[in-house]
Amino acid sequence: MDLRTIINHGYGIRTGLALARIMPKSAGYALARFLARGIAMQRKQPMVKAVRTNQWVARDGQVTSAELDEAVRQTFVDRAYSIFDLYHNLQKPERMSEYVEFSPEYKALIERSQRRDEGMVVVLPHVSNYELVGLASALQGGQAVTLTLPEQPGGYKQHDIIRQKFGIEAVPASMASFKHATRHLQEGGTVATGVDRPLPESRYRPRFFGREAALPVHYVVLALRTNVPVVVAWVSRGDEGLYRVVNSDFIPMQKHPNRKTEILLNAERILEVAERYIRQNPQQWAMFFEVWPDVAPETLD
-19 MDLRTIINHG
-9 YGIRTGLALA
1 RIMPKSAGYA
11 LARFLARGIA
21 MQRKQPMVKA
31 VRTNQWVARD
41 GQVTSAELDE
51 AVRQTFVDRA
61 YSIFDLYHNL
71 QKPERMSEYV
81 EFSPEYKALI
91 ERSQRRDEGM
101 VVVLPHVSNY
111 ELVGLASALQ
121 GGQAVTLTLP
131 EQPGGYKQHD
141 IIRQKFGIEA
151 VPASMASFKH
161 ATRHLQEGGT
171 VATGVDRPLP
181 ESRYRPRFFG
191 REAALPVHYV
201 VLALRTNVPV
211 VVAWVSRGDE
221 GLYRVVNSDF
231 IPMQKHPNRK
241 TEILLNAERI
251 LEVAERYIRQ
261 NPQQWAMFFE
271 VWPDVAPETL
281 D
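The numbers in the numbering used here rise by one with no breaks, and the one at position 89 of the sequence shown is 69.
In structure tokens:
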């Protein structure tokens, strides 16, 4: 069975929540490490194959098999720590700020979202503890409509419920939610969404790490439609366990007479920034779906 199905099932999420709530941090991290390393050893599991492929590409293929094994272990361990920190503190939101360090520039984004005088689209790669940072941002007064996956199994829906408890308006992507997000941006609001979760049915193949990838481009369409800038936010976990948040400058959309070229041009400009951030700490890139399913398996042996 695909481990992603078990981990992301509603029962899996609720079990994790219950355990993390009662365990002290040292024991929680020890358990997280043990489980993560065990999963990383299951090379035939789709999520492990995906991480191996993604990590190999993110490192330009310049790693040995042993180095790639270690990168995969680090990725799963870092993700396990992030999940524990998130679940452990859900019942103590006042402590979340102790785990997060916002850069002055990101604090300015939060203030801008509160004023609602200028719209913006904030995009994030799936790096480190992006969920905890999102909740901490809401506790600091950040206001945004968050577009999530269009069809979500129980576990993902559970995360949307958690976001809503913290005052975050999380809506699955659909024609209706897209219209809602458009109005929100036109009224000076902020929309937040991911950029690196593969979308096989996408008609667009922007280049990411030098390779074409079936990635979403809805954030570009929104920004073009409402004439607002895009900003890329990034989370990284330091050795001391503190999650640091930084962001790029505003990226204005560039116009082009050809619609498809216009969307790809802007998507690649934004993905280039996300790529630059990921390269800083590739082992913290928590993408468990293959972004490049066509990568030759023999390169990963």
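Quick reminder that beta carbons are idealized off the backbone N, C-alpha and C, glycines included.
Roughly how many whole angstroms lie between the Cα atoms of residue i and residue j?
i: His236; j: Ser157; result: 26 Å
i: Pro168; j: Ile141; result: A small correction: the amino acid at residue 168 is Gly; Pro does not occupy that position in the sequence shown. Their backbone Cα atoms lie some 25 Å apart in a straight line.
i: Phe14; j: His198; result: 38 Å
i: Gln25; j: Gln54; result: 17 Å
i: Ala116; j: Arg39; result: 31 Å
i: Lys159; j: Ser6; result: 45 Å
i: Gly221; j: Tyr79; result: 7 Å
i: Ala51; j: Gln35; result: 7 Å
i: Gln71; j: Thr44; result: 42 Å
Identify, in the order they occur along the chain, each residue of the same chain with its Cβ nearer than 8 Å to the Cβ of residue i, setting aside the five sequence neighbours on each side.
i: Glu85; result: Val226, Asn227
i: Ala193; result: Pro178, Arg185, Pro186, Arg187, Val271, Trp272
Going by DSSP in three states, residue i sits in which element: helix, strand or coil?
i: Glu81; result: strand
i: Val125; result: strand
i: Val43; result: coil
i: Lys72; result: coil
i: Pro26; result: helix
i: Trp36; result: helix
i: Met282; result: Residue 282 lies beyond the residue range present for the chain, which begins at -19 and ends at 281; the question has no answer from this structure.
i: Asp274; result: coil
i: Glu111; result: helix
i: Met21; result: coil
i: Asp168; result: Correcting the residue type first, residue 168 is Gly in the shown sequence and not Asp. Three-state DSSP puts Gly168 in coil, outside helix and strand.
i: Ser182; result: coil
i: Ser154; result: coil
i: Arg143; result: helix
i: Asp97; result: coil
i: Gln284; result: Residue 284 lies beyond the range of the chain shown here (-19 to 281); nothing can be said about it.
Can you tell me which residues form a DSSP beta bridge with residue i?
i: Phe188; result: Arg191
i: Leu104; result: Gly174
i: Glu149; result: Val125
Near residue i, which residues of its chain fall below 7 Å by C-beta distance, leaving aside the five closest residues on each side in sequence?
i: Gln42; result: none
i: Leu244; result: Tyr184, Pro186
i: Thr241; result: none
i: Phe268; result: Arg(-16), Met27, Ala30, Val31
i: Gly121; result: Ile90, Gln94
Which same chain residues end up closer than 6 Å to residue i when comparing Cβ atoms and leaving out the 5 residues on each side of it in sequence?
i: Phe64; result: Ala0, Gly8, Ala12
i: Arg96; result: Gly168, Gly169
i: Pro180; result: Ala194
Along the chain, which unbroken stretches of the alpha helix (DSSP H) at least 4 residues long are found entirely within the segment 188 to 268? At a cut-off of 4 residues, the continuous stretches assigned as alpha helix (DSSP H) that sit fully inside the segment 188 to 268 are 198 to 206, 239 to 260.
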